[in-house]
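S.K.: Numbering (my numbering) for the sequence shown: 21 to 145.
All residues carry an ideal CB built from backbone N, CA and C; glycine is no exception.
Just so you know, these numbers come straight off a predicted model, no measurement behind them.
Sharing a structure with you now.
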Amino acid sequence: MARFEVRWISQAAAAQRAGRAGRTGPGHCYRLYSSAHFNDSMPKHSAPEIANTALEGVLLVLKSMGVDKVANFPFPSPPAASALHAAGRVLEALGALQPGSQALTPVGRAMARFPIGPRHARMLL
Numbered sequence: 021m022a023r024f025e026v027r028w029i030s031q032a033a034a035a036q037r038a039g040r041a042g043r044t045g046p047g048h049c050y051r052l053y054s055s056a057h058f059n060d061s062m063p064k065h066s067a068p069e070i071a072n073t074a075l076e077g078v079l080l081v082l083k084s085m086g087v088d089k090v091a092n093f094p095f096p097s098p099p100a101a102s103a104l105h106a107a108g109r110v111l112e113a114l115g116a117l118q119p120g121s122q123a124l125t126p127v128g129r130a131m132a133r134f135p136i137g138p139r140h141a142r143m144l145l
C-alpha cells in the first residue's frame, strides 16, 4: 500500500534544489535548517525509489510482460530478495500468481490491466 512519510531530504537533493534558485533569473536559496543539521542529520544521498516502493505492482507488471525470473531483471538498483519474495506471496494470496511456480494466472493478467495497485484491482474483479 502507498504511504506518505514526512522526512528530511538528502544533501544531494538540497544542493540540487539550491541550484534551481536563480536558474532563470535572479534568486537566492534560504535554507530553514542549520549547517550542523545539514552535515550531521541529513543523509548524503537519497535511497533508490524502489527501496521505498511496494513491489507487488512492479512484480505484477513484469510478470505480465513475460519476465519469468524477476530476480534476474536488470534493475538499476535491485530490490532486496526478501522484498521480492514477500511481494510474490502477496500476489499468490490475491490469486494473481500460481503458488510455487509463480506463473501469472488469468486473474493476474486481468489485474495487470488496471492502472491501480494489485489489491485494489483484485477488489474490482
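Do you know whose CA, among A106, W28 and L114, lies nearest L52's CA?
M.R.: Within the sequence shown, numbered from 1, the residue matching residue 52 stands at position 32. Selected option, being the one with the closest Cα: W28.
S.K.: Could you name the residues of the same chain whose beta carbon sits closer than 8 Å to that of A32, not counting the 5 residues immediately before and after it, in chain order?
M.R.: Taking the first residue of the sequence shown as 1, we reach residue 32 at position 12. Correct list, in chain order: K64, H65 and S66.
S.K.: Assuming the contact rule is C-beta atoms closer than 8 Å, L144 and A103 should be a hit. Round their C-beta distance to whole Å, please.
M.R.: Mapped onto the sequence shown, residue 144 falls at position 124. Mapped onto the sequence shown, residue 103 falls at position 83. Actually they are not in contact, since the Cβ atoms of L144 and A103 sit about 25 Å apart, beyond 8 Å.
S.K.: Exposed or buried, which one is K83 when buried takes at least 16 other CB atoms within 10 Å?
M.R.: As a working note, residue 83 is residue 63 in the sequence shown. K83 comes out buried.
S.K.: Taking all protein chains shown into account, do 16 or more other C-beta atoms lie within 10 angstroms of the C-beta of G42, making it buried, or fewer, making it exposed?
M.R.: Start at 1 with the first residue of the sequence shown, and residue 42 comes out as number 22. It counts as exposed.
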